[in-house]
Amino acid sequence: MKGIKIIKKDANKLRTKLIKEKQLCTEYKVHSDEEFVYMPLIEDYDKKYMETLLNEFNVNIEDYTFTPAQYRPTNFLDFLDDKISKKDMEEIRKSFDVIGDIVILEIPPELESKKKIIGEAALKFTKRRSVYYKKSKIQGVTRTRKLEFLAGVDDLETIHKEFGIRFKLNPSTVYFSPRLATERSRIVDEVKEDEVIIDFFAGIGSFPISIAHVKKAKIYGVDINPEAIKYMYENIKLNKLVGEVTPLEGDINNIIDDLPLADRIIMNLPGTAKDFLEVAVNHLKSGGVLNYYEFSSDYKNVIERVKKIANPRKTEVLDIRKVKSQSPGVWHFGLSIKIE
Ligand SMILES: C[S@@+](CC[C@H](N)C(=O)[O-])C[C@H]1O[C@@H](n2cnc3c(N)ncnc32)[C@H](O)[C@@H]1O
39 MKGIKIIKKD
49 ANKLRTKLIK
59 EKQLCTEYKV
69 HSDEEFVYMP
79 LIEDYDKKYM
89 ETLLNEFNVN
99 IEDYTFTPAQ
109 YRPTNFLDFL
119 DDKISKKDME
129 EIRKSFDVIG
139 DIVILEIPPE
149 LESKKKIIGE
159 AALKFTKRRS
169 VYYKKSKIQG
179 VTRTRKLEFL
189 AGVDDLETIH
199 KEFGIRFKLN
209 PSTVYFSPRL
219 ATERSRIVDE
229 VKEDEVIIDF
239 FAGIGSFPIS
249 IAHVKKAKIY
259 GVDINPEAIK
269 YMYENIKLNK
279 LVGEVTPLEG
289 DINNIIDDLP
299 LADRIIMNLP
309 GTAKDFLEVA
319 VNHLKSGGVL
329 NYYEFSSDYK
339 NVIERVKKIA
349 NPRKTEVLDI
359 RKVKSQSPGV
369 WHFGLSIKIE
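So that you can map any letter, position 195 of the sequence shown is 233 in our numbering, and since no number is skipped, the others follow by simple counting.
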């Protein structure tokens, strides 16, 4: 096939131009020897453009043998060809969550009959171990969902890596969202050395362990789900921590009186955290910070609710942000607020 042989020192410059003008054939490999680099051209290369390029670099187009490049689909759609409409696939792709070596996706009811094809495609595309789909919404006090096996190995326990931390979990028995990684790192940045922190709804310890990984803080991680507490213990062992995490199983309402007043309270239970606000405010030291989360369409409502409960204590909003989208028009808001 047609290609260009060019002396090594000029190769990069030529390659950049060929790519920019879409003249380099990416289905074949660029190869080189001691002195030269050989670049494959697309079949219907632009003769006029190539003429100027050949003059500029003082090279010729000749016949060479090139090795085919390994085809690596970069897009989930490539695996499904015409089996599912592009629009449907885009929807499924957006719902992808990868937790450790498990892929979890959403399949709309009208595509139920094609779920196995979709599962196999997701397995190939992601090269992970197992694929499941969401069989229910997140529900109940433990905030978990039913998952149905689609492809790969049917094993729901996995280790998820995030910023050098390892979280072991089973996504059908405990809550965990990889989409909160940025939020976790934001809270880690807020924490000062030697803080006493209570995470009211700690799950497998994702916030406490992220903090204790880098900050010398004392963190109590409370959760009502025994499975979450089991994993929190395991995750403490799995990671090297500079801070101290104490898992506590039970309803925060029954545990709070046994805990010291806190410099910071984390409340990531966005649907119902508001019911625990009074308990939290009463347990916060003067000048302590509340990391409060709520589903809302308007950030002002979130701030007002906390201010109202904290009244007459003075408050200072340190930050309010959209953590993620919950449903059309509704956001998972994160509020960091200091309470005197
Ligand atoms: C949305 S999850 C958040 C878990 C964790 N903070 C995270 O972000 O990964 C909420 C957690 O609160 C726990 N929970 C719900 N009600 C509780 C209560 N009254 N006391 C303690 N934990 C509770 C659930 O079991 C669940 O693990």
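Virtual Cβ for every residue (Gly too), placed ideally from N, Cα, C.
Same chain only: Cβ atoms within 8 Å of residue i, ignoring 5 sequence neighbours per side
{"i": "Phe-214", "result": "Ile-137, His-198, Phe-205, Leu-207, Gly-241, Ile-242 and Ser-244"}
{"i": "Ser-335", "result": "Gly-367, Val-368 and Trp-369"}
{"i": "Pro-106", "result": "Glu-65, Tyr-66 and Lys-67"}
{"i": "Leu-185", "result": "Ile-142, Tyr-170, Tyr-171, Lys-172, Lys-173, Leu-194, Pro-209 and Ser-210"}
{"i": "Glu-272", "result": "Lys-206"}
{"i": "Asn-50", "result": "none"}
{"i": "Ser-70", "result": "Lys-46, Ala-49 and Tyr-76"}
{"i": "Arg-343", "result": "Lys-312, Leu-315 and Glu-332"}
{"i": "Lys-175", "result": "Arg-183"}
{"i": "Ile-155", "result": "Leu-118, Lys-121 and Ile-122"}
Under 8 Å between C-beta atoms of residue i and residue j
{"i": "Val-97", "j": "Lys-43", "result": "yes"}
{"i": "Ile-377", "j": "Val-319", "result": "yes"}
{"i": "Leu-143", "j": "Ala-160", "result": "yes"}
{"i": "Ile-341", "j": "Val-361", "result": "no"}
{"i": "Glu-129", "j": "Pro-146", "result": "yes"}
{"i": "Asp-237", "j": "Gly-259", "result": "yes"}
{"i": "Tyr-102", "j": "Glu-59", "result": "no"}
{"i": "Ile-249", "j": "Ile-225", "result": "yes"}
{"i": "Leu-315", "j": "Ile-347", "result": "yes"}
{"i": "Ile-235", "j": "Arg-302", "result": "yes"}
{"i": "Glu-72", "j": "Ile-45", "result": "no"}
{"i": "His-321", "j": "Leu-279", "result": "no"}
{"i": "Leu-297", "j": "Phe-239", "result": "no"}
7 Å Cβ shell around residue i - same chain, five flanking residues per side excluded
{"i": "Ala-311", "result": "Met-305, Tyr-330, Tyr-331 and Glu-332"}
{"i": "Gln-177", "result": "Arg-183"}
{"i": "Pro-264", "result": "Glu-287"}
{"i": "Phe-134", "result": "Val-141 and Leu-143"}
{"i": "Ser-374", "result": "Glu-228, Val-327, Asn-329, Leu-356 and Asp-357"}
{"i": "Phe-95", "result": "Ile-44, Asp-48 and Leu-52"}
{"i": "Ser-365", "result": "none"}
{"i": "Leu-276", "result": "Arg-204 and Lys-206"}
{"i": "Gly-325", "result": "Lys-376 and Glu-378"}
{"i": "Ile-57", "result": "none"}
Sheet register partners of residue i (DSSP bridge)
{"i": "Lys-206", "result": "Ile-197"}
{"i": "Glu-100", "result": "Gly-41"}
{"i": "Ala-189", "result": "Val-169"}
{"i": "Tyr-76", "result": "Lys-43 and His-69"}
{"i": "Val-212", "result": "For Val-212, which the question treats as bridged, DSSP gives no partner whatsoever."}
{"i": "Val-381", "result": "Residue numbering for the chain in the displayed model covers 39 to 378; residue 381 lies beyond these limits and cannot be assessed."}
{"i": "Glu-282", "result": "Lys-256"}
{"i": "Gln-177", "result": "Thr-182"}
{"i": "Lys-360", "result": "Phe-371"}
{"i": "Ala-300", "result": "Leu-322"}
{"i": "Ser-223", "result": "Its beta-bridge partners do not exist; DSSP assigns none."}
{"i": "Leu-328", "result": "Ile-303 and Ile-375"}
{"i": "Glu-354", "result": "Lys-376"}
{"i": "Val-141", "result": "Val-136 and Val-169"}
{"i": "Pro-146", "result": "Beta-bridge pairing links Pro-146 to no other residue."}
Whole-number beta carbon distance between residue j and residue i, since they are thought to touch under 8 Å
{"i": "Ile-267", "j": "Pro-285", "result": "5 Å"}
{"i": "Glu-282", "j": "Lys-256", "result": "5 Å"}
{"i": "Ile-140", "j": "Thr-196", "result": "5 Å"}
{"i": "Leu-52", "j": "Met-77", "result": "7 Å"}
{"i": "Lys-323", "j": "Leu-299", "result": "5 Å"}
{"i": "Glu-200", "j": "Ala-219", "result": "5 Å"}
{"i": "Lys-121", "j": "Lys-152", "result": "7 Å"}
{"i": "Val-317", "j": "Ile-294", "result": "6 Å"}
{"i": "Gly-372", "j": "Glu-221", "result": "6 Å"}
Close-in-space but distant-in-sequence residues of the same chain around residue i (CB under 6 Å, 5 per side omitted)
{"i": "Arg-351", "result": "Ile-377 and Glu-378"}
{"i": "Thr-54", "result": "none"}
{"i": "Glu-231", "result": "Lys-254"}
{"i": "Lys-40", "result": "Leu-79 and Ile-99"}
{"i": "Arg-29", "result": "Outside the modelled stretch of the chain, which goes from 39 to 378, sits residue 29, for which no answer is possible."}
{"i": "Thr-180", "result": "Asn-263"}
{"i": "Leu-84", "result": "A small correction: the amino acid at residue 84 is Asp; Leu does not occupy that position in the sequence shown. The answer is none, since no qualifying residue turns up."}
Distance cut-off 7 Å: residue i Cβ against heavy atoms of ligand 2
{"i": "Asp-261", "result": "Absence of ligand 2 is noted for the structure shown, with ligand 1 being the only ligands found."}
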